[in-house]
Amino acid sequence: MNLDAKIPEGPLADKWDNHLFNMKLINPANRRKYKIIVVGTGLAGGAAAATLAEQGYNVEAFTYNDSPRRAHSIAAQGGINAAKNYPNDGDSIRRLFYDTIKGGDFRAREANVYRLAQVSNNIIDQCVAQGVPFARDYGGLLANRSFGGAQVSRTFYARGQTGQQLLLGAYSALVRQIGLGTVTMHTRKEMADIVLIDGQCRGIITRDLLTGEVESHVADAVILATGGYGNVFFLSTNAQACNVTAAYRAYKKGAGFANPCFTQIHPTCIPVSGDHQSKLTLMSESLRNDGRIWVPKNKGDKRKPADIPEEERDYYLERKYPSFGNLSPRDISSRAAKEACDDGRGVASTGYGVYLDFADAIKRLGRDKIEERYGNLFEMYERITDDDPYTTPMMIYPASHYTMGGLWVDYNLMSNIPGLHVGGEANFSDHGANRLGASALMQGLSDGYFVLPSTVPHYLATNGPFEKVTKDHPEFKKAEAEVRDKVSRLMSIKGKHTPTYFHRELGKIMWEYCGMARNEAGLKKALELIPQVREEFWKDVTVTGDAQNLNTVLEKAMRVADFLEFAEVLVHDALERDESCGSHFRTEHQYPDGEAMRNDKDFAHVGVWEFQGVGKKPLRHKEELQYENVKFAVRSYK
Amino acid sequence: MKITLMVWRQKCCKEQGKIEKFVVDNVEEDMSFLEMFDILNERLILEGKDPIAFDHDCREGICGACSMTINGVPHGHEHGTTTCQLHMRKFKDGDTIYVEPFRNKAFPVIKDLVVDRTAYERIMQAGGFVSVATGNAKDANNLPISKENADLAMDAAACIGCGACASSCPNGSAMLFVSAKVGQFALLPQGQPERKRRVLAMIKQMEKDGFGGCTNMYECEAACPKNVSVRFIAKMNRDYLRASLFTKSK
Amino acid sequence: MGLLSYLKSTILSKWVMAITGCILVLFICGHAVGNLQILLGSDTYNTYAAFLQGLGEILWIIRIGLFVCLVLHLITSIRLKLLNNSARPTAYQYKSFLKAKLTSRTMIWTGIMIFAFLTYHLLHFTAGVTNPVEYDQHEVVINGKSGIAQEIPNDPRILAQLPPTLQTTTVDGKLYAVQEEVKTAETRHDVYKMVVLGFRNPITSLVYIIGVILLGFHLSHAIQSMFQTAGFNHPKYTPWIIQGSNALAVIVVLCLISIPITILTGLVGGTI
Ligand SMILES: Cc1cc2nc3c(=O)[nH]c(=O)nc-3n(C[C@H](O)[C@H](O)[C@H](O)COP(=O)(O)OP(=O)(O)OC[C@H]3O[C@@H](n4cnc5c(N)ncnc54)[C@H](O)[C@@H]3O)c2cc1C
Ligand code: HEM
Ligand code: FES
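Chains as they are written, first to last, in this note's numbering: chain A, 12 to 649; chain B, 49 to 298; chain C, 314 to 585.
So, in structure tokens, the structure goes:
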């Protein structure tokens, strides 16, 4: 597998500029002749589709939602980072770069991250130009808040709906192009496979969710921006439909899957309340700006929070990490919560919860100020739990939230398959072993607005013009037939369990053995269990209805089938990465105080997996990470 | 809790639909409305029946996918709440609940409770944007915007495009949806150059798609899960009049 | 279509509804206050009526203006209603409204009933078609005063017996006796008597009372709705506008129904 990252020459700060100049261009009059397929219209895909169409390319975009505006990016609450340094508190491109590398526990590529920090400022400008209503101060200038893992205020936000506003901005750019006829939008169509011809990615196969029709779409280049795979844990903060299918299909066709075990568990979610639960709701990390996290000092203390006196409370984050306190990075906060609960000091009916308390902040700032900052989050919390966070502390617990792993890409965001580009959460590129808050939106938009629109044309210019290919090409026919075959196989089993049943079973295994803390025995156990569930699935799943009509059971079954194969890759990766780093915590590797112990000698690389067949152990390749500008350091937030 | 559901079933857009009755026994207070449907659907699948189709995705009240009319009101009677955020503790043991799809001529039923809302997409395509290509922006703080206007624009921008306004409106009018977008941009300097074009184009598309007109009944505002105010409709009425009086017609 | 091309746009249609409605509201307010003068007695009331009659061309301009408003209002509302109905072809099986009030949902029906009532009202009191006998009431005004002349038969024997202080005068071929020197003498339409006689019929009164109450329903929504249509909605003032709209509707209704009620109970016109 060719894992050349193609990092441009030159000093770190000049790499992107040099590269922009060195990349090849295409004459405006010829751009129309190139067809680019964009799968996924979240922040990354929506922005890329719109921008490429603005430049003059012929774009076709796909989403399984009924509108691009409903992509999962819409749910991001807290904010988006940028190195603007408007508050003049010592921020800079270099600091954002460094914080991101450090936050990722030294498992991300320097050059990519530096570019991300550089582009971050342009994103804010672009969004403001589109009319995104970011929060402002009375002087009319943009307001900032702070987020986990940073000591500066660099997060821009639009109430608790930043993702929504950014997505609507990208969506507005996209609908403009759709209206102009430069983007053809396909909604309610799910990509079921990619098609390679002579080693180049030349199109995709989709399944129309309304008619069941399996169709081929030909292109000169394909961009996947299909989001993350957090739903492999069944319960997560992701939207219900988020799935791994697109990325996994590309993997099966030869694309490398990088660092799948880097999955982020978010510390502030509403705890599980029962078996019926279909998803976990995130309470934005921004709450940790003013909320204090604590558990009772004594095990099994069942008193009401208000009855527990100050001296019997353990503000464990403030105690363990005095300089970052409640704003410690996500992996650290999540693990600390798990530790407290495993120690029997958890709250909530299940014992798996910790308090997030605003009493002090309300005393200090007044209820009005808190309401202004977090009103809608508090409302959402109350709606779900029936508790009023103004008077009683919130209860929170970690939940699967984000996946740093994804398809391997080079500096140009192209996978090892020529022509197949990957953007947003679907690629592995910028967050290393742990993502800092408010950085995913930044990365998605950086990929979508600025990186892909420069690198995809470069690919077209260097490799085009392409051989004419039609939908009748045998490779397309073959791929279509495979999809139809999969559908009919699923429809014909008529077993005893629903697809959701298997998804839940898989989720239990993943959370139990491959969740917040992992160890060799557990991971091996998971590698035994997952194939069993998968086998059972193919023997005993039931899909009702017919395949020629909207069929939500079939949709689900198709996605679960891919999760059941993919989960194994994830666990393999977790097992092979025999160190703790960032979100990947192997209990075998920790300092006496419970902190993650990295092994830079053996694991300062990207682990990239190559498909070998279902049920067969995939091949692991390495992309060594070169740190020329930062030095490895123990990540300390004390 | 035991809940009786009277649910609209319709195989596809061409066929006639009807109300079908289901009884769900083990409903818990902490469940969301959709989780109750999940349980019912799991049961239906195991009985070999087609489960009830409904749109949903984020289940956090932000994507705007979920779309059930619950006891005659889109997203139910709970104020400022989407279907997915409605919890069963708002109902009583033994309640009978009517669940129908969002109704509007412009939103044909696709199956059961799933409707086609692409009409809203077309309205957005007609003018729901600021025409600024990527890369043209100047520094964000070169454009001060008063906090009041930014906040008000955010109130409008909170719209999730779910279609509850047009489906609660006895006239089937999409004015609240359109006015939220028009209003957001009308409050911001970025939106000024296209202000007149935008309101004319979006309204024209709205009318072309068969949505009705507003008669100020304010049912939309009451049903809106994001509490978008009819204030924006008032503003848009003014904008529209000005635009149609002072724009050269082609 | 020309002028009526505004009908193609729902928002312009609404503006027409609001502007014509506003003119009608102003008229109704004036009309209510004007007619309330019936409580002040026949002379004041008939003087007011005569003043309106005396406006001549101006009266016609006002009438035509109001008529145009009414017709535009009617046409536009029907067109909007048809369009709005077609936008919601399938009704919910379970009907429930959160904010849409009975008044706002029934504007077209109260409107059309008002129109029917209005037609009757015009035929009744303005054109005198429905009740020609009661309509045909006149009184004699001497030196600008009504009620001071008494009709006497043109019989020489009676005339001879009249006290010398009495003057006689002939108006419209009828002979009247007056106690002062006659400078001017004329007859005018006795609107007061016409109204009193008209409302003595309980059925007529009932029709009016119902008509006016319907108007009240219409107005309670219409007035505040007018502000919204015209683009005035502000969290600070709109609650007051809504209250004001209801209050004004109630005031108009009270003014207008007080007339048939006081007549039916004999408080007004009891001596006729
Ligand atoms: C609750 C929550 C809160 C968050 N808050 C923040 C925050 O405050 N700050 C921050 O920086 N990040 C946040 N994140 C993370 C961030 O929102 C996501 O990582 C980011 O939005 C991903 O964007 P994307 O464009 O890569 O993918 P998505 O937005 O997930 O879009 C995926 C797109 O791909 C399409 N798609 C997927 N598969 C297929 C297929 N097979 N066929 C066709 N289409 C397909 C989907 O329809 C969709 O359009 C949050 C995430 C969650 C879950
Ligand atoms: C011909 C008989 C009438 C009919 C059919 C009629 C019908 C209607 C209808 C359907 C509306 C609602 C329109 C909307 O809200 O979009 C309306 C509004 C209104 N009507 Fe009437 N009406 C009639 C008579 C009157 C009269 C006599 C008055 C005044 C005294 C009046 C004053 C108003 C006003 C002020 C509005 C508010 C306009 C707005 O909403 O902006 N109407 N009418
Ligand atoms: S499912 Fe997203 S708003 Fe309800």
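We put the CB at the ideal spot given by N, CA and C, even for glycine.
Contact with chain B is found for residue 400 of chain C, since one of that chain's Cβ atoms lies less than 8 Å from the residue's Cβ. Contact between the region 608–622 of chain A and the region 545–564 of chain A is absent, with fewer than three C-beta pairs closer than 8 Å. Using a Cβ-Cβ distance cut-off of 8 Å, the region 111–127 of chain B and the region 401–414 of chain C are in contact, since at least three pairs of beta carbons, one from each stretch, lie closer than that value.
Distance check between residue 171 of chain A and each of A/389, A/643, A/441 places A/389 closest, using alpha-carbon atoms only.
For residue 158 of chain B and residue 281 of chain B, the gap between their C-alpha atoms comes out near 29 Å. Residues of the region 259–273 of chain B with a Cβ closer than 9 Å to any Cβ of chain C, in chain order: 259, 260, 261, 262, 263, 264, 265, 266, 267, 268, 269, 270, 271. Between ligand 1 and residue 392 of chain A, a heavy atom-to-CB distance of less than 7 Å is absent. Residue 455 of chain A has its Cβ nearer than 7 Å to a heavy atom of ligand 1. What residue 65 of chain A touches in chain B, judged by beta-carbon distance under 9 Å, is 181, 182, 183, going in chain order. The beta carbon of residue 233 of chain B sits closer than 8 Å to some beta carbon of chain A.
For residue 148 of chain B, the chain C residues whose Cβ falls inside 8 Å of its Cβ are 405, 406, 407, in order along the chain. One finds nothing in chain C with a Cβ atom closer than 7 Å to the Cβ of residue 72 of chain B; even the nearest lies about 18 Å away. Residue 430 of chain C sits in a helix when the DSSP states are folded into three classes. Proximity of residue 513 of chain C to chain B, defined by a Cβ-Cβ separation below 8 Å, is not satisfied. Between the alpha carbons of residue 222 of chain B and residue 174 of chain A lies a distance of about 24 Å.
For residue 204 of chain A, the three-state secondary structure derived from DSSP is strand. If you check the C-beta of residue 335 of chain C against ligand 2, you find a heavy atom less than 7 Å away.
Residues of chain B with a Cβ closer than 8 Å to the Cβ of residue 328 of chain C are, in chain order, 285, 289. DSSP places residue 451 of chain C within a strand segment (E or B) once states are collapsed to three. As for any beta strand (DSSP E) of minimum length 3 sitting wholly inside the region 446–512 of chain C, the runs are 451–455, 480–484, 487–491, 498–502, ordered along the chain. Note on residue 533 of chain C: 16 or more other CB atoms within 10 angstroms of its CB, so buried under the neighbour-count rule. Within the region 415–482 of chain A, complete beta strand (DSSP E) segments of at least 3 residues are found at 431–433, given in chain order. Identification of chain B residues near residue 544 of chain C by a Cβ-Cβ cut-off of 7 Å yields 282, 283, 285, 286, ordered along the chain.
According to the DSSP secondary-structure assignment, residue 387 of chain C is paired through a beta bridge with no residue. Listed as beta-bridge partners of residue 46 of chain A by DSSP are A/69. For residue 197 of chain B, there are no C-beta contacts with chain C under 9 Å, since the nearest C-beta of that chain is about 15 Å from it. When beta bridges are read from the DSSP output, residue 402 of chain C appears opposite no residue. At a beta-carbon threshold of 9 Å, none of the residues of chain A lie near residue 161 of chain B; the nearest stands roughly 11 Å away.
For residue 165 of chain B, the shortest separation between its Cβ and any heavy atom of ligand 3 does not lie below 7 Å. For the C-beta of residue 60 of chain A, not a single chain B residue is nearer than 8 Å; the gap to the nearest is close to 11 Å.
Between the C-alpha atoms of residue 228 of chain A and residue 43 of chain A there is a straight-line separation of about 17 Å. The three-state secondary structure of residue 534 of chain A, taken from DSSP, is helix. The C-beta of residue 86 of chain B has 16 or more other C-beta atoms within 10 Å across all chains shown, which makes the residue buried. A straight-line Cα-Cα distance of about 42 Å links residue 425 of chain C and residue 78 of chain A.
For residue 410 of chain C, the nearest beta carbon of chain B is closer than 8 Å to its own beta carbon.
In this structure, residue 422 of chain A places its C-beta atom within 8 Å of the C-beta atom of residue 17 of chain A.
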